[in-house]
Amino acid sequence: GGMTSHAAVVARGMGKCAIVGCTALEISHEQRQMRIGEVMIAEGDWLTLDGGTGRVFAGDLPTQPSEVMRVISGQQPASEAPIYQGFATLMGWSDGYRRLKVRANADTPRDARVARNFGAEGIGLCRTEHMFFEGDRITAMREMIVARDEGGRRRALEKLLPMQRADFEGIFQAMDGCPVTIRLLDPPLHEFLPHGGEESSLLAASLNLSRQELARVVSALRETNPMLGHRGCRLGIVYPEITEMQARAIFEAAVRAQRRGIEVRPEIMVPLVSDVTELRHQRAIIERAADQVMGVMGDTIPYLIGTMIELPRAALTADELATEADFFSFGTNDLTQTTFGLSRDDAGRFLPQYVDGGIYEDDPFQVLDRKGVGKLVKWAVRDGRDVKPGLKVGICGEHGGEPRSVAFCHEAGLDYVSCSPFRVPVARLAAAHAALAESAGDR
Ligand code: PEP
Ligand code: MG
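Going by the numbering used here, the sequence shown opens with residue 1, and the numbers climb by one from there.
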């Protein structure tokens, strides 16, 4: 658990309240109840969560969306919302001062629309794996994972392609005229598989496998350290057909959207790169897919291919990466994890003590660590732009929506920050503060 565990990141992106890794809760699945200290709560009882502070309240506390949210979601007219009007004025002032662009992390057309309403100027991160979990998609995804050979994988990928294409087309439409950064598949494959129980039996039956065969596949995918394992671009290198399908879906969606009069600006991003050869390998597949789609459909799509910088080695070899990248995007969730050697999914258990005890000034997953992670960011920006002066550089880790970290991004010369749609206004204001602070310093 913790602020940048995937569950928390996804919940934040969707605007859902969530608490991840609350060690004070003892949950008993068998008894369908949980205990917090002396308080026992049974299945069906009301709870209220404050995702900002991590507090859990017994009972059903009355809540309502803020006035800003009501206007943004179309439930209240702006003309009858004085708080919203004040908010809009402040945002207008901010936009007049800031240099940093503000994008959003959004994975679906719906999230993209929310982001745009909050003033996002593009998408800085679309995590494509989140499109694979719904309805039939997870079945096709699982079929791909358990396939015995490339032919089997390709057959399953063919089923996923139209679904991805439809999502991308919806996102291009919501972001008409703005850049959309789409990241290739990132998480370890075992995350898509059931781990025992009835779901495993159903899956085995639907895939024509025995339970034992399925168990063998699941156990073969198990890793001791999945965060450092077979994930990121390592998937697309071992299974190039995945990258090929995703790139095809992006370009076909772009052509379809463009034919409907939408201005598309796809930016395809390769995750967890540690060496330029990985990026070169993936770039060649993406370019081949682009040429094929554009050749067959007869349309031209302007596009960029870039890399995430999520590993210290990527930052340290930024000069080499820049030769193959049209842009860099700092994935500071993983870059923090790998620079500190701290698991982002587990550190929540002891980090609060570190912060309370003054060992760390801040939780580095929440506030960007200037001394270490920040040094790598600055190094990569400098070395990348030495090789390619116009290199576009942004950030898409959770820090992109945190005010002090946004100030750092301004100082480091980034072009944009990208954050959850709901944090876009915070980032716009923080970017203006950073620009104002700089001009006050100049005077
Ligand atoms: C990151 O690592 O900062 C990032 C944006 O990718 P993810 O959170 O999906 O690992
Ligand atoms: Mg990452």
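Virtual Cβ for every residue (Gly too), placed ideally from N, Cα, C.
Note to self: Can you tell me whether Gln353 is buried or exposed? The criterion is at least 16 other CB atoms within 10 Å of its CB, across all chains shown.
What the structure shows: Within the sequence shown, numbered from 1, the residue matching residue 353 stands at position 353. Under a 10 Å Cβ-count criterion, Gln353 is classified as exposed, with fewer than 16 other Cβ atoms of the shown protein chains found around its own Cβ.
Check: Whose beta carbon lies closer than 6 angstroms to any heavy atom of the ligand PEP, going through the chain in order?
Finding: Ordered along the chain, the selected set is Val9, Leu125, Arg127, Asp186, Glu310, Gly331, Thr332, Asn333, Asp334, Cys396, Gly397.
Margin query: Assuming the contact rule is C-beta atoms closer than 8 angstroms, Leu414 and Val387 should be a hit. Round their C-beta distance to whole Å, please.
Written below: Start at 1 with the first residue of the sequence shown, and residue 414 comes out as number 414. Start at 1 with the first residue of the sequence shown, and residue 387 comes out as number 387. With 8 angstroms as the limit, Leu414 and Val387 do not qualify as a contact, their Cβ atoms being about 17 angstroms apart.
Note to self: Do Thr307 and Val273 have their beta-carbon atoms positioned less than 8 angstroms apart in this structure?
What the structure shows: Mapped onto the sequence shown, residue 273 falls at position 273. Mapped onto the sequence shown, residue 307 falls at position 307. A contact, by the Cβ cut-off of 8 angstroms.
Check: Can Pro226 be considered in contact with the ligand MG, in the sense that its beta carbon sits closer than 7 angstroms to one or more heavy atoms?
Finding: By 1-based counting over the sequence shown, the position of residue 226 is 226. No, the beta carbon of Pro226 sits no closer than 7 angstroms to any heavy atom of the ligand MG.
Next item on the list: Could you name each continuous beta strand (DSSP E) segment of 3 residues or more that falls completely within the stretch 165-198, going from the start of the chain to the end?
Entry: If only complete runs of 3 or more residues are kept, the stretch 165-198 shows the beta strand (DSSP E) at 179-183, in order along the chain.
Check: Can you give the beta carbon distance from Phe340 to Ile309, rounded, assuming they're within the 8 angstroms contact cut?
Finding: One-based indexing of the sequence shown puts residue 340 at position 340. One-based indexing of the sequence shown puts residue 309 at position 309. Wrong, their Cβ atoms sit about 16 angstroms apart, outside the cutoff.
Next item on the list: Tell me Gly394's beta-bridge partners as DSSP assigns them.
Entry: Here residue 394 refers to the residue found at position 394 when the sequence shown is read from its first residue. BP columns for Gly394 point to Ser329, Tyr416.
Item checked: Segment limits, beta strand (DSSP E) that includes Val270 -> On the sequence shown, position 270 is the one that residue 270 refers to. In the DSSP assignment, Val270 falls within the beta strand (DSSP E) that extends over 265-270.
Next item on the list: Have a look at Ser201 and Arg211 and give me their C-alpha separation to the nearest angstrom.
Entry: In the sequence shown, residue 201 corresponds to position 201, counting from 1. In the sequence shown, residue 211 corresponds to position 211, counting from 1. The alpha-carbon atoms of Ser201 and Arg211 are separated by roughly 6 angstroms.
Check: According to the neighbour-count rule (16 or more other Cβ atoms, all chains shown, within 10 Å of its Cβ), is Val406 buried or exposed?
Finding: In the sequence shown, counting from the first residue as 1, residue 406 sits at position 406. Flag for Val406 reads buried.
Notebook entry, point to check: Ser28 by DSSP, collapsed to three states: which one?
Noted result: Working through the sequence shown from its first residue, we reach residue 28 at position 28. Reduced to three states, the DSSP call for Ser28 is strand.
Check: Is any heavy atom of the ligand MG found at a distance shorter than 7 angstroms from the C-beta of Pro271?
Finding: Within the sequence shown, the letter at position 271 stands for residue 271. For the ligand MG, at least one heavy atom lies less than 7 angstroms from the Cβ of Pro271.
Notebook entry, point to check: Using the C-alpha atoms, what's the distance from Arg155 back to Met144?
Noted result: If you number the sequence shown from 1, residue 144 lands on position 144. If you number the sequence shown from 1, residue 155 lands on position 155. Using only the alpha carbons, I get a separation of about 8 angstroms.
Next item on the list: Can you have a look at Cys419 and say buried or exposed, based on whether 16 or more other CB atoms are within 10 angstroms of its CB?
Entry: Stepping through the sequence shown from its first residue, residue 419 is reached at position 419. With 16 or more Cβ atoms within 10 Å of its Cβ, Cys419 is classed as buried.
Item checked: Option in Asn225, Arg234, Gly229, Gly196 with minimal Cα separation from Val217 -> Here residue 217 refers to the residue found at position 217 when the sequence shown is read from its first residue. When only C-alpha atoms are compared, the closest one is Gly196.
Notebook entry, point to check: Does the beta-carbon of Leu429 have 16 or more other beta-carbons within 10 angstroms, so that it is buried, or is it exposed?
Noted result: Mapped onto the sequence shown, residue 429 falls at position 429. Residue environment: Leu429 is assigned as buried (16 or more neighbouring CB atoms within 10 Å of its CB, all protein chains considered).
Check: Is the stretch 260-271 touching the stretch 227-239 in the sense that three or more CB pairs, one from each, lie closer than 8 angstroms?
Finding: Yes, they touch.
Margin query: Let's test the definition: count the other Cβ atoms within 10 Å of the Cβ of Glu43 and tell me whether it reaches 16, buried, or not, exposed.
Written below: For the purposes of this step, residue 43 is taken as residue 43 along the sequence shown, with counting starting at 1. Result: exposed.
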